Each structure stands twice: as C-alpha cells, then as structure tokens.
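For reference, the structure is listed below as structure tokens.
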Amino acid sequence: MAQNLTLRFDQLTSENGLPQNTIHGIVKDKFGFMWFGTWAGLCRYDGYKFTTYRSDPHNLRSIVNNRIHSLFKDSNQDIWIQTFDTLTMCKYNYETDDFIRIPQNKVPVIIKESNNRPRHYIRTYFIANQYKWSMDTWTKALVQTHIPSGKQHTYKANPSNKLALNDEFVADIYLDNHNILWVGTYSYGVNKANVNAKPFTIYHHDPDNKNSILDNNTRAILEDNAGNLWIGTRDKGITVINRKAGSFTHYTQSNGDNNTLINNQIRKIYQDQHGFIWIGTKKGLDRFDPKSKRFYHYGETLPSSAVYSIMEDSNKSLWVGTWRGLAKYDRKKDSFVNYDKSTPVQQRNIRVILEDRNKNLWVGSEGGGIIVFKRRAPGRENESLIPYLTYTVNGQTANGLSDNRIYSLYEDKQGLIWIGTGNGLNCYSTKTKKFRQFSVEHGLADAMIAGVLEDDNNCLWISHKRGLSKLNKRTFKVQNYTLKDGLQSNEFSEDTFHKSKLSKEMFFGGNNGFNTFYADSIKEEKFYPQIAFTDLQVLNKPVKINQKVNGNVILPKSLNLMKEITLSPEDKSIAIEFAALHFSNPAGNKYAYMLEGFDKDWIYTDASVRVASYSNLASGKYTFKVRASNSDGIWNPIPLTLGIIVIPPFWRTNWAYLFYLLIIAVFLYIVYVYSSKIASLKSKLIYESLIREKEYELHQSKLQFFTQISHEIKTPLTLILSPIERLIQMDEGNNRVYNQLTIMKRNGDRLLKLLNQLLDFRKFETGNIQLNGVERDIVSFIKEICISFEQLAAQRDISYNFIASPDVVILWFDEDKIEKIIFNLLSNAFKFVPDNGEITLSIQTYKYGISTQKLFIKVIDNGPGIPKNRIRTIFQPFQQYGTEGTGLGLSYSKGLAELHGGTITAESRLPDLNGESYTCFTVSLPITYKFLKNTDTQSAPAPSAAEVYPQQRSYLIEDGIDEVREVEDGSKTPIVIDGRKPVLAIIEDNEDMRNYLSSYFNDKYTVHSAEDGKKGIELVEKVLPDLVISDVMMPEMTGTEVCRRLKTDMRTSHIPIILLTARSPLCFKIEGLETGADDYITKPFSLKLLSVRVRNLLLSRISMRERFKTEFSLQPSNVAITSPDEKFLSNVLEYIESRISDHTLSVEDICREIGLSRTHLYRKTKALTGLSMADVIRNIRLKRAVQLLEQEKLNINEVAYMVGFLDVDYFRKCFKTEYGFTPSEFQKSSLKGRNQIN
C-alpha cells in the first residue's frame, strides 16, 4: 500500500527535449521559466518545450562552456551560470536573450564559508508543509523529513515505474513558489513532483508483496460492517484488506473445494442487513458467512448465472440483477424467484438496482434504459412489481434520457436521481418529471459514466474512462482529476465504487488498482499560473532579437520585456506563442486570448494550441491580451498584454494624404473650369431645347386645336350635308336648284375629306393608326387611282402618263393608306403644274442582293420646282410650298409610307436658262409582308375599277352602303308594333341635332328626346321605348355609360341602342359595341343610313319576338339561352313550370320572384313575346296539358287539376280557343292533334 507522503514524479529526459540527461543546476527566472544546466548546454523550459543555449566560439554573447556545473539566482533575479570553465562565469541578459561573460575574479561574492573563502554555488534544502526536502551529500539521494516527528523517508529509484524517481543519484533539487519539487539527476534528466499533490491513496498489485491486492483490474468494492475492504477483481478473485492490522486475505476459486468462490470473475460485492456478504460473479452468486467463513452457492434458480447487481431494500428483500433479468431472494426457501418473462424487465442485462425514498424500485439495464416499478405488498410473500414508468431514448414516453446504457444509479440528499449512462450523466427530478443532462460540453472529461457518489459538500464525484470528475451541484462547475493527480489510472470500472458509512471515505476501482480518499482533503490549487511569451513569428518565420524583418527591427529586446511592437505594412501575418508557467499539470492549463481592435470576444483554447495567429491586419493600434488558468480552473486575473502597431503603407501616411489633398485641389480646379464651360454649354442647350419644346408644344397645340375643331365641325357638318342630301332626293326637276345643291354637296364632301385627313394625321402622331393589309396587284390598284385624274388632265390639256414595268406586282399593302399617298402626290402635281404641262407616274421594281426587292413609285412633273432649302423641310408638318393647303399632306404621306416599311424622297430643279424645271417624288416600298406582321391582314382578289373607284366617290360613309340598297324598296312600308307606331328615344346634347333628328323621325315614329345622358336614362325608364339613339360625347354622362347602364338593367336590357359619335377610330367603335350597343355610326352620317339602321333593328326585334312566341308554343322548357333577354324569359318560364299545378299562381308572384314591377314586367314580356304575362301562364298550362293528354294515362279532369285549372269547363273552353278542338276531341283524334298544334 502506498503512503500518503509518497511523491509521484514526472520525468523529463532527452526524449522530451533535454539535450542531455545529466543535470547540474536548477533555477526559476523572474518570468517563471525553469532553467536546467546539463553537460550539453543550458536549457529553458516553459512546461511544453525546451530551448537550448550552447557555447559558440564565434559569439562572445554565448555561454563560455556547454558543461554546466551549477546555476544560481541572486536577489536581483539575475541568473548566474557556473560552467566547468573555472576562469569565467556567465550572467543571463533578459533584454537581449544572451549572456554576459564575467571573469571569475570580478564576480561578486554570493556566499562566504567560515574560512572566508567565497563560494559561488551551493547545495541546499527546502521546507514545505512541515516537510524538509534535502539531498544527501554522501549518498546523493532525495530525503524527505517530517519536521515535527523527525521521521525520514528516502526516495529510491525505480526505473520501471514512470511515476517514481528514475535515478538514485541526485545532482540538485529546487522547490518553486508553486510547491513543485524539481530533482536533477546525474543520468536520467529531471524529475518533478507536486508537494501539494491531491491525497489520493492507491492500492495496486505488487507481485513481490503478498500484502497487495490480487489484481489491478478491480470490478467491485465493499467496506463491511467491521471496516474491512472487499476488493473484487476481474478474474483473480477477492482480496479482503484489514486496514487496522494491515493484513490482506485472498479468496479465490479452488477446484474440488465447495467452500470457495464459485468463480474468480467478480462483478458485485454486497453486505445485507444480516451481515452476509453476497458476491456476484460471471458464473453465479455466492453468499459468504463472515462468522463461519463458509460460502453458499446460487445459480440454478437465477435467470442467468452472470450477476451484475445486488441490492437489499428497506423491507430487507434482496434483489439480484442478472444478464437476463431480475430475481428476488426468498429467505424461507433459500432460493430466488424469477419474474415472469412477460414483464418488461425480463430478458434484459440488469446492471444496477436502486430503491428511492418513496420505495420505488429503479432498474437500469444495458441497452434497455430504465424501468421504475411500484411495489404492491412490499416485504410480503405476495409482493409484486408494477411497472409504471419507462425511460428510454427512443421510447414512447417523452423524456430526456441521453442513452439507454445504464451503468449507475444514485439518489442524492435532495431526492434527485443521478443516472450514469454510456453517453453522459442524467439528473432526474421526481417532482418536475424532467431530466437534465451533463456531458463533455458541460465540462466532464468523458461521457462514459462508471459511478456516482455524493460528498458532504453537495458535490458529486463521478468516475469514467478518463479519470474522476467533481460536479458542484450549486454552481454546476466541473473539476476533472487524472493520473497526474494521483489516480490509479485514467480508466475506472462500471459500478465499482463505494462510500464508507462510518468514515465517509470514498473508493473507486479501475484497471490499475483502486483509489481511496476523503473528499474534504481534496483542495483546489489556489495558485494561478504566470504567463509568458515564448515565440513571435512574422510571415511564418521566428523573429529573433535585433533581427530585421522587411527593413524593420521588431524586437530590440526580449518579447517579454516589450510593451509594444511595430510591424511594417509588409508584415501581413503574425503569430504569438505563449505559455502558462505552471508545471504541476501543464497539459491541464487553459488559455484565453483576444486582440483588441480585431477580436470581438475572448478566444478560449487549451495547452495543445498555444499560438494566436492573425493575418491581413489593417493599419492601426491593437492590444494583444492572454490569460491562463491552472488545471483546477483558477484563472490569472491580470492578462499579459502586448501592444501591436501596424504602420500604414506609404500611400496612407500623412505626407501621402497631403499629396492627395493637393491633387484633389488641382483636380477640383480643373473640374470647376471644365464644369463652368459645360454649364455654359448646357445653358445654351437648355435654351435651344426650350425653344424646340415651345415649337413642339405649339405644334401639338395646333394639332389639338385642329382635332377638337374637326370633332366639333362634324356635328354641324352633318346638319348641313344631311338636309342637302335630302333636298337633292326631293328635287322635282329644277336644274338650277339641283346644280346649286350639288355644288354645296361636293364642297361639303371636300370639307369632310380635309377633316378626316387631319384626324388621320393626328392618329398617326399619337401612334393609334394601324394597317389593314391585303395581298393583291398594286399596279392595277394605282392605275385605277390615276384614271380618276384623267378628266382633270384633259380639261387642263396636261400630258398625263402612266408607265409600269412589270405590269403586275403582287404585294401586301393597306389599300386606304396607299390610295391616300398616291392621291396626295397626284393632287400636289396637278396643283403646281401649269396648263399644257406634263405629269408622269411610273412603277418599277429593283432587286438588291439575293432576296431583297423593292417597288419604286415615281410622280414626276415639270412644275416650277422647289428650292433646295425647302426640300429639307417639305415633309415636316404644316410646311407647305405655296399659299394653298394645310401643310399636312406630304408629312402624312411620308408617315404612311414608313408605316409600310418604305420611304418617300423628293428631288427638284428650279427653272434653268431654258426655263426647264422638274419635281420628282419617289415612294419606295419593300416587296414583302414582314412589315405587316403586327397588323391585321387578309387575302382578297383584285377588285375591278368600278369596285374600287365608282364614278362619284363618297367620303362621307365608309360602311353600310350595301345595307341601304337592300332595304331601300321596303323602307316606305311603316312598322307597326302592337297596333301602334314604334317609340324612339333620342339622347343628344346638341339642340339643333336633337330637333333635326326628332323632326326627321316624327312621321313614322313616336319620338321622345333628352338633352344629356342622365335625363336620357330617366326618360328611357319612364317610357320604355322600342329603340334608343344616343350621342356619345355628352355632359353629365357619356353615351357609352348610358348604354352600359341600360343594358345591365333588367327593365331596359331588351331595348336596342344606336350610338352616334364624331370619334371615328376603330378602338372607339369596339368600346361602344362592347358596352352592349347594337350599332355604332360616325358623324357626319347619312340620315338615309340612320333610318335604315333604325328600321332594321326594329324589324329584327319584331322577328325575335315572333321566334320567342313560336318557341313558347313548342317547348318553353327547351328555349336556348343566347342573350340576357332570353335568360330573363327562361327564368320566368322555369318559375311558372315549377308551380304549374298551383292554381293560385299570379302575375304578382312572378313580379316578386323576378324583381320587377307589374308594369315593367308586362312591358318587357310584351316586347319580347307579344303576349301578356297572364297569356304566358295560360299558354304554358295548356302546353303541359297537351303533353299529359298524349300519354293517355290520365283523364281530362285529372289533367286540368295537374296544370292548375280548378274549373274543368273553363279548361275545355281555353283549350278549344287555343287549339280549335276540345280535349276529348284531341284524345279521339288518330293523330292526337299533333300536326295542328305543331
């Protein structure tokens, strides 16, 4: 057995970095580094690595000799080195990290002997904790003396034990301020031991000592009632230690002897309340009687022979956990009772059993989690277990158990259950029913928990595979202990722990014996480590003192004496190495560092990483800080600091900024001068832009004015042309009057043409114009246009020619747009050519490249010519040559040509000396239809000349001519609706137009009128006319809104509506028709056309009414829904049919169902069907009666009742009135009256 005062040594030899193992001097400097003198140089040790200083004959700042005799530190903390060179001593220079050589005769006296001879090195002793540590000068051995008793202990060398002194010949000893004893030997380097080491007592196997345990691999520990320790080993049996007598008794298996262990593989040792020792083995269970010294074996009645856990509960019932389940000891029968295999605990490897303070039984297994049993009739023969809680990682019960492998269970003083698993420690609260987990991330050294014990200080001691851990339950701080602290090893066995009830001593067994200790004696080390810098690297290279790096000396003296260092811009990466000069357990030291100005928080690390690396530091000032703690977690409160200055590159220095400022000033001056010029130029451009904007605004205002005037003129122009047209039709042979009217009509048409041209140009300007292309022969089309000018050419004796080559050119083009282009060019030619002049229109084609082909149309005349300065502007709007015209024709024609993908150009020559001049306009068009890809195109045959250009071409009406011709003969026949003239409602804000239309239609129709849209709607709702004529542009409400309101109102949706407007573009027509208008006529219009449209719509409505009436008579339930009116009628019929057998059905019922008044319902039904609502009801009843009579299943009385007639005689009368014969005659007829009805 080891003694409490026995030191555990760590050995530092050449294998750890010493240059040589002979040590002649040990000292600690003012920074905390340890120095060792060897026979191969001087070494400095930081706890992790050695730095060796050797003699260099070329360097006078090195040590004088490599063989060190002794080391000494004076009161100034200077280190003196005595070598085997007796003429010179050396003193270490902290600043320059080198040595000062001093002749022996100039060395100051350190100690004088009694004979007054100076002595420059000594051997000494040290005192700590009532012990004196000294070196025996005769035997060269390390001696420990207990000062109060005077007892001595000499440490002998044991090279085979790594924890013992490795050499008996001690050269020097040194006790530092952290109570670390350093022992230098002659042949085996340095040994170090902590005088204040943790008082862990170790029991381990010694083959040469009978008074030692049988085997180091311990698996079970028990202290019996007599204070004896029972130690079960893995496979060597049991050792019982009487610590009072110091004797060891061994129990092992002996073949042939029944009074021995059943098996040497011990798994559990337990003493019950009767004093019996129960021993669980791999091959069965033994009960040992300490009084009789006899063994009793159990195995056959157990679920399995492998016993892992034994527990006696508060009712003195003994429970045994085996490899395959749980068993209970029956003392009367001296055998075990196994629980039924159906219980969840059976067939599981029971590793641990615990009874809590509520007498619940906790059973932990390996891989099966935990099962908690309530006990019924505890302590009695009929006691049974009731499982009520199961805790598993993947079980259905939600819990926080970290692993299903359970190795230890412990209930602490507060009633908390601590569960050691294969993946951490779990704390279960029986009050909150919640788990809390502790593992490596919480500070434990390992997650494989072997055992848990509680001391009297509210701390838990936890054994695992990496030593011992102490957990403070109040602060949850964890302190870890390892082999370095005196443990038998870092690995402990599962469920191999025990706490003495008498002495509170704790026992933990492992793979190399077992430890005993008192928790109160384990004190935390209060010394915090001293920190020092051990290396500096720049650009991944170590920096030496006075070494230049990129032209800069970073370390003029030792790094530990520097308050700050300065780095050049090229020093882009830096690494600082540090060490905590605490040598009791250097591997357990912890570190935290940060670079203020770069790091936001402390960076924590351990002894394996003691380097802080930074790269690409921006210029500026930083402060590097580093702290350290010892293995007990005691942190140094004051960090070690080092200022770091990174010099900016030259382009970021103050001189550079001044230079930049000068450059910026010069640049700003140049910018100012340049900006002034630019501003002046911009002002001119802005002025010119304003002039152009004004011109454009003037141009737009002209167009807007002309457009508005054109729209306004169209209405009075209608009032002029329509009466003229009517007067011409009423002419009775007065040629003089007819000629005057014809002149008026022709000039009115010309005025209309100019208005349309202006409106078309406006559409072109706003981008609303669209091509409607056809594919046909353009040569014949242009020829027909030319023909219309032949009479004029003949009247003025002008030579008028048409030349085309080839004769036929098939081309996609818009006929209307091309006509306008050709007409404008020919009109201009005839305008400026004098009488007897010459005009030629030629058509030619040219091919460019492989596939490009163009058509050229030229109009050439020998007029006065156009000056060159006017040629450039002649295609601009409102630019005319001469005094006549609007100046829009050529501009408009140019736009139409470009819309086709072509161009118009002009060339001219003024009269020369011979008086000859000419003007030529050329229209170029591509012979392709790609330019029409975004337009509406259609294919049409080439029309004849008569179809294209009638003798008298009308510019008033663009559609409806054919319709006028078709109804012209019957237009004089008056229309009668229900014995009266049709009723028209005219809504027009222009009083003259309203009065004129009223007077025109007053002969054939009953006319009502309103002056705006709002009053128009009121008028229509009041009189319910047969047709409405409405202007579009009106105050209060537009015509399109009037149309939308009337068409969405059930009372008026059946009334036809004609819209009149001066807005001729197609988009406005579409908008009007989409609101529900039945027709759309543009101003100015022909009264003849309007009259025909009104008549046709009324006739169409009468025809539709007759169709409804006919369909009524046939099959009202099958009328197709094709309009809102038909939908309305269908709803009425459906309602009547749903109540056809109800004789109380009335018109008022239908009014309520449909939502119309009786008057509106009557008018609407009459307008649609020609019948009153009462007639409609009777018609439907009689039709259904016909259907029932055809089936021949009912008599006449039954049929009458089923269709809503209470009076059969009245039914017969109505039936005969409708069909011409009685119901009985209908049944008797062979054809059943079908032909007559249908």
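So the sequence shown is numbered by the working numbering: it starts at 268 and just counts up by one. For glycine and all other residues, C-beta sits at the position ideal for the given N, C-alpha and C. As the structure is a prediction and not an experimental result, all values here were calculated from the model.
Which of helix, strand or coil does DSSP assign to residue i?
| i | result |
| --- | --- |
| P983 | helix |
| V1243 | coil |
| Q1494 | helix |
| I684 | strand |
| I1444 | helix |
| N819 | strand |
| Q1382 | Confidence at Q1382 is low in this model, with a pLDDT of 47, below 50, so its placement is unreliable and no value can be given for it. |
| A1209 | Unreliable placement is indicated for A1209, whose pLDDT of 36 sits below 50; the coordinate value is still reported in the next sentence. Coil, per DSSP. |
| P385 | Unreliable positioning characterises P385 in this predicted model, as indicated by a pLDDT of 43, which lies under 50. A coordinate reading is not provided. |
| I1124 | strand |
| D866 | coil |
| G691 | strand |
| M1300 | coil |
| N1091 | helix |
| E490 | strand |
| M1317 | coil |
| I1322 | coil |
| H765 | strand |
| R1425 | helix |
Just to confirm, are residue i and residue j a CB contact at a threshold of 8 Å?
| i | j | result |
| --- | --- | --- |
| D1298 | L1327 | yes |
| Y606 | L621 | no |
| G687 | A712 | no |
| S1047 | K1121 | no |
| V745 | G710 | yes |
| R486 | T506 | no |
| I1070 | R1043 | no |
| K503 | L481 | yes |
| P1490 | L1456 | yes |
| G314 | H731 | no |
| I821 | L834 | yes |
| T412 | Y398 | yes |
| I447 | W400 | no |
Can you list, in chain order, the residues of its chain whose CB lies under 6 Å from that of residue i, leaving out five sequence neighbours each side?
| i | result |
| --- | --- |
| F1099 | G1130 |
| A1467 | V1475 and F1478 |
| A714 | N690, G691, S706 and V707 |
| T1107 | N1068 and I1127 |
| D1276 | One point to set straight first is that residue 1276 is Ser, not Asp, in the sequence displayed. Here the set comprises I1253, R1261 and S1265. |
On the premise that residue j lies in contact with residue i, defined as a C-beta separation below 8 Å, what is that separation, rounded to the nearest angstrom?
| i | j | result |
| --- | --- | --- |
| M773 | L720 | 6 Å |
| L1506 | L1396 | With the chain represented from 268 up to 1505, any question about residue 1506 goes unanswered, as that position is not in the structure. |
| S576 | G588 | 4 Å |
| Y858 | V893 | 6 Å |
| L1059 | F1188 | Between F1188 and L1059 the Cβ distance is about 18 Å, and since that is not below 8 Å, they are no contact. |
| Y1272 | L1251 | 5 Å |
| K944 | S882 | 50 Å between Cβ atoms; not a contact. |
I'd like the list of long-range same chain contacts for residue i, defined as Cβ closer than 7 Å, with 5 residues on each side in sequence excluded.
| i | result |
| --- | --- |
| D334 | Looking at the sequence itself, residue 334 is Arg, so the reference to Asp does not match. Correct list, in chain order: W306, T350 and F351. |
| R741 | N725 |
| G1280 | I1254, M1301, E1303, M1304, T1305, G1306, E1308 and V1309 |
| G542 | N492 and P557 |
| E758 | K732, G777 and N778 |
From the DSSP output, which residues share a beta bridge with residue i?
| i | result |
| --- | --- |
| D482 | D482 pairs with nothing; no bridge assigned. |
| G1306 | DSSP, once it has assigned bridges, lists no residue as partnering G1306. |
| C1187 | I1127 and E1174 |
| R741 | Partner(s): none; R741 has no beta bridge. |
| E730 | Before going on, a small fix: residue 730 reads as Ser here, not Glu. Paired residues: G718 and L735. |
Using a Cβ-Cβ cutoff of less than 8 Å, which residues in the same chain neighbour residue i once the five nearest sequence positions on both sides are dropped?
| i | result |
| --- | --- |
| I488 | L496, W497, I498, G499, I536, T763, F764, H765, F774, F775, G776 and F781 |
| L1008 | I991, L994, I995 and D998 |
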